[in-house]
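Student: Start counting at 1 in the sequence shown, then tack on 28, and there's your number in the working numbering. Ideal Cβ positions, reconstructed from N, Cα and C, are used throughout, including at glycine.
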Amino acid sequence: MPKVIQFFTEHWGAPVIVSRGTKHKVEQLSGFAAIRDNRMIGLVTYSIKSEECEIVSLDSLEENKGIGSKLVEKVEETAREEHCRRVWLITTNDNIRAIRFYQKRGYDLKALHRFAVDEARKLKPEIPLYSEEQIPIRHELEFEKVLYI
29 MPKVIQFFTE HWGAPVIVSR GTKHKVEQLS GFAAIRDNRM IGLVTYSIKS
79 EECEIVSLDS LEENKGIGSK LVEKVEETAR EEHCRRVWLI TTNDNIRAIR
129 FYQKRGYDLK ALHRFAVDEA RKLKPEIPLY SEEQIPIRHE LEFEKVLYI
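#1: Report all residues from its chain with a CB closer than 6 Å to the CB of residue 127; omit the five preceding and five following residues, and keep chain order.
#2: Does the separation of the CB atoms of residue 85 and residue 40 fall below 9 Å?
#3: Name the one or two DSSP bridge partners that residue 154 has.
#4: If I follow the unbroken alpha helix (DSSP H) through residue 97, where does it start and stop?
#5: From residue 73 to residue 163, what does the alpha carbon distance come to, in whole angstroms?
#6: Using 8 Å as the Cβ pair cut-off and three pairs as the minimum, do the region 101-113 and the region 135-144 touch?
#7: For residue 149 and residue 175, what's the separation of their Cα atoms in angstroms?
#8: Among the candidates 131, 120, 132, whose CA atom is the shortest distance from the CA of residue 156?
#9: Beta-carbon within less than 6 Å of residue 66's beta-carbon, same chain only, minus the 5 sequence neighbours each way: which residues are those?
#10: Within the same chain, show all residues whose beta-carbon is closer than 6 Å to that of residue 142, passing over the 5 residues directly before and after it, in chain order.
#11: Based on Cα-Cα distance, which residue from 165, 91, 30, 79 lies nearest to residue 56?
#12: Looking only at its chain, what residues have a beta carbon closer than 6 Å to the beta carbon of residue 46, apart from the 5 residues adjacent to it on each side?
#13: In terms of DSSP beta bridges, what is residue 117 paired with?
#14: With residue 54 as the anchor, note down where its alpha helix (DSSP H) starts and where it stops.
#15: Within 10 angstroms of its Cβ, does residue 88 collect 16 or more other Cβ (buried), or is it exposed?
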């Protein structure tokens, strides 16, 4: 677990992530890691509640090599085994790569939560105001993939 906490802190600024007003502590989440040469090159965390599986975080240190896809597939497989109705996630309006990534894998935009990031900053002040591309980070976008109707 210490490697996961360190990885999370390096990539998310703290060992917590906020989505839809919930502060998730990394040590309380389930997840899968991709390891190569004794080095973590990918990590997905998730939470299952009431027949729903939330992907809380996804990181791949080597882009376009299928690492993120494999990690998401593993979460979806677990969600099916746990009889989850859907897999869902939150990303922010600036995260164009994530928006593209999830739509290519069958996820649909479920909801736009306007100005939700302002509330999230109250729980996690480390959330920046602007992305690296200088896009204001303001809104949460909820994506879902329905597994069972």
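Tutor: Per the coordinate set shown:
#1: What you label residue 127 is simply residue 99 of the sequence shown in a count that begins at 1. Within the same chain, residue 127 has no close Cβ partners at all.
#2: The residue you call residue 85 lines up with position 57 of the sequence shown. The residue you call residue 40 lines up with position 12 of the sequence shown. Against a cut-off of 9 Å, the Cβ pair of residue 40 and residue 85 comes out as a contact.
#3: For this step, residue 154 is matched to residue 126 along the sequence shown. Partner(s): none; residue 154 has no beta bridge.
#4: By 1-based counting over the sequence shown, the position of residue 97 is 69. Taken as a continuous stretch (DSSP letters only), the alpha helix (DSSP H) holding residue 97 covers 95-109.
#5: In the sequence shown, counting from the first residue as 1, residue 73 sits at position 45. In the sequence shown, counting from the first residue as 1, residue 163 sits at position 135. Residue 73 and residue 163: Cα-Cα distance of roughly 26 Å.
#6: In this structure the region 101-113 does not touch the region 135-144; the number of beta carbon pairs closer than 8 Å is below three.
#7: Walking along the sequence shown from the start, residue 149 turns up at place 121. Walking along the sequence shown from the start, residue 175 turns up at place 147. So the alpha carbons of these two residues sit roughly 32 Å apart.
#8: As a first step, residue 156 is located in the sequence shown; it is residue number 128 there, counting from the start. Comparing Cα-Cα distances from residue 156 to each of 131, 120, 132, the minimum goes to 120.
#9: As a position in the sequence shown, residue 66 is number 38, starting the count at 1. Hits under 6 Å: none found.
#10: Walking along the sequence shown from the start, residue 142 turns up at place 114. Taken in chain order, the residues that qualify are 167.
#11: Taking the sequence shown and counting its residues from 1, one reaches residue 56 at position 28. That would be 30, whose Cα lies nearest to the Cα of residue 56.
#12: Position 18 of the sequence shown holds residue 46. Result list for residue 46: 148, 151, 152, in chain order.
#13: The sequence position of residue 117 within the sequence shown is 89, counting from 1. Note: residue 117 is bridge-paired with 83, 171 in the DSSP secondary-structure output.
#14: Taking the first residue of the sequence shown as position 1, residue 54 is located at position 26. Premise fails: residue 54 is in no alpha helix (DSSP H) and is neither H nor E.
#15: Taking the sequence shown and counting its residues from 1, the one referred to as residue 88 is at position 60. Residue 88 should be labelled buried.
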